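Structure first, then comments.
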Amino acid sequence: MNALTDQIQKSNTWQEIHAQPDIWRAWSNDFSAEAYKSWISQLGIKEVWFCGAGTSAYIGDIIAAGLPNAGGIRFRSVPSTDLVARAGYYLKKPPNDLLIVNFGRSGNSSETLGTLSAIEVLAPSLPTLNITCNSDSALAKSTLGRSILLPDACHDAGFAMTSSFSTMLLTALSIFDTGADARYNIRRLAEHAEAALPVLASQILGSEVPSRTVFVGSGPMAFAARESALKVMELTAGKIPALWDSTLGFR
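Its first residue numbered 1255, the sequence shown is counted upward by one per residue in our numbering.
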């Protein structure tokens, strides 16, 4: 167990998980959502589609479930895998008051490139907001709409998305959760995470490796559960089965 513990603590993912409070705290100081809120208001946006693949899609799921019609805007999660597969269905006659938000850690995935291409061909005048962790990516350099570049520390070296997922989520919430004090909330979240991580780490390192895992949650937390299950499957190469469901829906 000691050798395994040492291996875990030296991994990129372990270190990136524990780096999140400092990343969030610094980002709360550096990022201002007001210009983006003003831009969205000036455009008269009434519907937002959140696009991404895998973990980046789950960001949209969480927001759409957690902020229904916030500020008079309809939120919808449209995974980029779905949009690319049925581009004509989604983009031939999109709503006139639509904004597409693209999430991407690398900003260079085939789904991201396909989404940008579909928008450029079928709906080039559609406003877009690109949120990415890679300043050298196609998503960051896209001439479609505006881009938000997260700190370099968010471009995870580990296979599993950690600070990239959480910081893209917090960035979008800063813009679209109109009734919240985002800077204060992010700082408080950083404080709570800083206190919780050592406790959770000691519990995990002192426990047996599970044979299977199940994550449950209600509302937006159901999709956080989905993300958690994916993390287990990714980091164990599928050796530990992981399920997710709503709290009352699990059977």
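Backbone N, C-alpha and C define an ideal beta-carbon position, used for all residues, glycine too. Since the structure is predicted, the reported quantities are computational estimates derived from the model, not experimental observations.
According to the DSSP assignment, residue 1279 belongs to the alpha helix (DSSP H) that extends over 1266 to 1284. Non-local beta-carbon contacts of residue 1472 in its own chain, meaning distances under 8 angstroms to residues more than five positions away in sequence, involve 1500, 1501 and 1502 in chain order. Within a 10 Å sphere around the beta-carbon of residue 1453 sit fewer than 16 other beta-carbons, which makes this residue exposed.
Under a 10 Å Cβ-count criterion, residue 1481 is classified as buried, with 16 or more other Cβ atoms of the shown protein chains found around its own Cβ. Looking at the DSSP output, residue 1445 shares a beta bridge with no other residue. Residue state for residue 1462 is assigned as coil, using DSSP reduced to three classes.
For residue 1387, the closest alpha carbon among the candidates 1402, 1292, 1276 and 1375 is that of 1402. Non-local beta-carbon contacts of residue 1345 in its own chain, meaning distances under 7 angstroms to residues more than five positions away in sequence, involve 1372, 1373, 1376 and 1377 in chain order.
Residue 1297 counts as exposed, since fewer than 16 other beta carbons sit within 10 angstroms of its beta carbon. Bounds of the alpha helix (DSSP H) holding residue 1430 are 1417 to 1430. Residue 1310 carries a helical assignment under DSSP once its states are collapsed to helix, strand and coil.
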